[in-house]
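Numbering (the numbering used here), first residue to last: 741 to 1066.
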């Protein structure tokens, strides 16, 4: 196991950055349309094609999921990915007809990195279409997820610390694999006030984010937010995540898993889901391994693992970003 999202059979991850602009794009591409769901928290989300994942919709499978920096400009990355996948013949078509292109289903979510000091004087040509196409090309390499300052987390901040991209995976007792990929640009802090320890420390495996252990004592001041951002504003903070599993899920089961996975953010970031955040969790099933017991119990177990993986991925993102700096 690589301990990242590429441990899930049936998908690949592509990342692309622009160092001058201090931004980037992360893309998850599925070999076949994947059952997917979304759960949105916080006060200022920015999404594309999120309504297609609501209950009762016509389309159940997605071709790709895009996470991007750039706030509203970053949604252009998904447009480019959609166009490229359509040119490859991918997409949904109720009744295929000659000469009528299919419609790739590419949900997306964005985070705000416009005020991080990069060269944002792009006029009417933001870099996100170019970055989206580059991420799609890189997904074809089938490489592991790069952590820290990479992809959509390249220009992010986690409270007052460098933010970034993180990933983690786990295998359930009955053989299913669950993994999380996250881009952390949170208002809240990932570390216990006055210490170097991560809130996610109880869930760490094999020293994956420094092996610092848990804080030595309880938090004395429950209103101390430690290294949270000093002066947040609406829509300037967001943590974006993709949870994937090889388990066969229905859309409703994927939705329940997304709801449960959000608890991983609460385990790793304090405070979280604030009016300043636009936190989004996607869940996708590549459907390689059937559930092996009562479905509600299986989904509960997968959702719990998803929350653990997301908490670990958040800490790994900041740990690796701090090692490389900003």
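Cβ coordinates follow ideal geometry from the N, Cα and C atoms, glycine included.
Residue 924 vs residue 847 beta-carbon contact at 8 Å: For this step, residue 924 is matched to residue 184 along the chain shown. For this step, residue 847 is matched to residue 107 along the chain shown. Cβ distance not < 8 Å, so residue 924 and residue 847 don't count as in contact.
Cβ-Cβ distance between residue 809 and residue 895 below 8 Å: As a position in the chain shown, residue 809 is number 69, starting the count at 1. As a position in the chain shown, residue 895 is number 155, starting the count at 1. Yes, Cβ-Cβ distance for residue 809 and residue 895 is below 8 Å.
Limits of the beta strand (DSSP E) - the one that residue 768 falls within: On the chain shown, position 28 is the one that residue 768 refers to. Residue 768 -> beta strand (DSSP E) spans 763 to 780.
Residue 1010 versus residue 986 - alpha carbon distance: Taking the chain shown and counting its residues from 1, one reaches residue 1010 at position 270. Taking the chain shown and counting its residues from 1, one reaches residue 986 at position 246. One C-alpha to the other measures close to 30 Å.
Chain-order list of residues whose beta-carbon lies under 7 Å from that of residue 820 (same chain, five-residue window excluded): As a working note, residue 820 is residue 80 in the chain shown. Counting only Cβ-Cβ distances below 7 Å, and skipping sequence neighbours, we find 869, 872 and 873.
Under the three-state DSSP convention, the category residue 682 falls into: Because residue 682 is not part of the residues shown, which for the chain are 741 to 1066, the question remains open.
Proximity winner among 981, 801 and 788, relative to residue 1026 (alpha-carbon distances): What you label residue 1026 is simply residue 286 of the chain shown in a count that begins at 1. Closest option to residue 1026, Cα to Cα, is 801.
Delimiting residues of the alpha helix (DSSP H) encompassing residue 824: Sequence index remark: in the chain shown, residue 824 carries index 84 (1-based). Here the alpha helix (DSSP H) through residue 824 covers 816 to 827.
Cα-Cα separation, residue 936 to residue 759: Translated into the one-based positions of the chain shown, residue 936 becomes position 196. Translated into the one-based positions of the chain shown, residue 759 becomes position 19. Approximately 28 Å between the Cα atoms of the pair.
The segment 889 to 908 in contact with the segment 928 to 946 per 3-pair CB rule at 8 Å: yes
Rounded straight-line distance, which links the Cα of residue 752 to that of residue 880: Position 140 of the chain shown holds residue 880. Position 12 of the chain shown holds residue 752. Computed Cα separation, rounded: 7 Å.
Distance, residue 918 Cα to residue 907 Cα: Along the chain shown, read from residue 1 onward, the residue named residue 907 stands at position 167. Along the chain shown, read from residue 1 onward, the residue named residue 918 stands at position 178. Each residue's alpha carbon lies about 11 Å from the other.
Residue closest to residue 852, alpha-carbon to alpha-carbon, out of 838, 807 and 887: As a first step, residue 852 is located in the chain shown; it is residue number 112 there, counting from the start. Of 838, 807 and 887, the residue nearest in Cα terms is 807.
Which of helix, strand or coil DSSP assigns to residue 1037: Residue numbering aside, residue 1037 sits at position 297 when the chain shown is read from its first letter. DSSP places residue 1037 in helix when its eight states are reduced to three.
First and last residue of the uninterrupted alpha helix (DSSP H) at residue 874: What you label residue 874 is simply residue 134 of the chain shown in a count that begins at 1. Start and end: 868 to 879.
Cβ-Cβ separation, residue 940 to residue 1052 (assumed contact under 8 Å), whole Å: As a first step, residue 1052 must be located in the chain shown, where it is residue number 312. As a first step, residue 940 must be located in the chain shown, where it is residue number 200. The Cβ separation is near 6 Å, so the contact holds.
For residue 983 and residue 856, the rounded distance between their alpha carbons: Stepping through the chain shown from its first residue, residue 856 is reached at position 116. Stepping through the chain shown from its first residue, residue 983 is reached at position 243. One C-alpha to the other measures close to 27 Å.
Outcome for residue 835 when other beta-carbon atoms lying within 10 angstroms are tallied against a minimum of 16: For the purposes of this step, residue 835 is identified with residue 95 of the chain shown, where counting begins at 1. Under this definition residue 835 is an exposed residue.
CA-to-CA distance, residue 1056 to residue 815, given in whole angstroms: Position 75 of the chain shown, counting from 1, holds the residue named residue 815. Position 316 of the chain shown, counting from 1, holds the residue named residue 1056. Spanning the two alpha carbons is a distance of roughly 26 Å.
Start-to-end residues for the alpha helix (DSSP H) that takes in residue 1003: Reading the chain shown from its first residue, position 263 is the one you call residue 1003. Counting along the chain, the alpha helix (DSSP H) containing residue 1003 begins and ends at 1003 to 1008.
Local conformation of residue 683 per DSSP, three classes: This structure cannot settle anything about residue 683, because the visible part of the chain is limited to 741 through 1066.
Between the CA atoms of residue 1018 and residue 1045 - distance to the nearest angstrom: Looking up residue 1045 in the chain shown gives position 305. Looking up residue 1018 in the chain shown gives position 278. One C-alpha to the other measures close to 23 Å.
Own chain, CB closer than 8 Å to residue 1014, minus 5 neighbours either side, in chain order: As a first step, residue 1014 must be located in the chain shown, where it is residue number 274. Once the five neighbours on either side are set aside, the close Cβ partners of residue 1014 are 782, 783, 927, 928, 972 and 977.
Residue 826 versus residue 1028 - alpha carbon distance: For the purposes of this step, residue 826 is identified with residue 86 of the chain shown, where counting begins at 1. For the purposes of this step, residue 1028 is identified with residue 288 of the chain shown, where counting begins at 1. Cα-Cα distance, rounded: 25 Å.
Where residue 913 falls, given that 16 or more other Cβ within 10 Å makes a residue buried: Numbered from its first residue, the chain shown carries residue 913 at position 173. Burial call: exposed.
Nearest to residue 754 (by Cα), restricted to the options 839, 997 and 769: For the purposes of this step, residue 754 is identified with residue 14 of the chain shown, where counting begins at 1. For residue 754, the nearest C-alpha among the options comes from 769.
Endpoints, beta strand (DSSP E) assigned at residue 734: Because the chain is modelled from 741 through 1066, residue 734 falls outside the range shown and cannot be assessed.
With 16 other Cβ atoms within 10 Å as the buried cut-off, status of residue 1007: Numbered from 1 along the chain shown, position 267 holds the residue referred to as residue 1007. Flag for residue 1007 reads buried.
Rounded distance between the beta-carbons of residue 743 and residue 948, thought under 8 Å: The sequence position of residue 948 within the chain shown is 208, counting from 1. The sequence position of residue 743 within the chain shown is 3, counting from 1. Going by Cβ atoms, the distance from residue 948 to residue 743 rounds to 7 Å, so yes, they are a contact pair.
Among 979, 1001 and 803, nearest to residue 1016 - alpha-carbon criterion: Translated into positions along the chain shown, residue 1016 becomes position 276. With distances taken between Cα atoms, residue 1016 lies closest to 979.
Alpha-carbon to alpha-carbon, residue 1062 and residue 999: Working through the chain shown from its first residue, we reach residue 999 at position 259. Working through the chain shown from its first residue, we reach residue 1062 at position 322. Distance between the alpha carbons of residue 999 and residue 1062: 29 Å.
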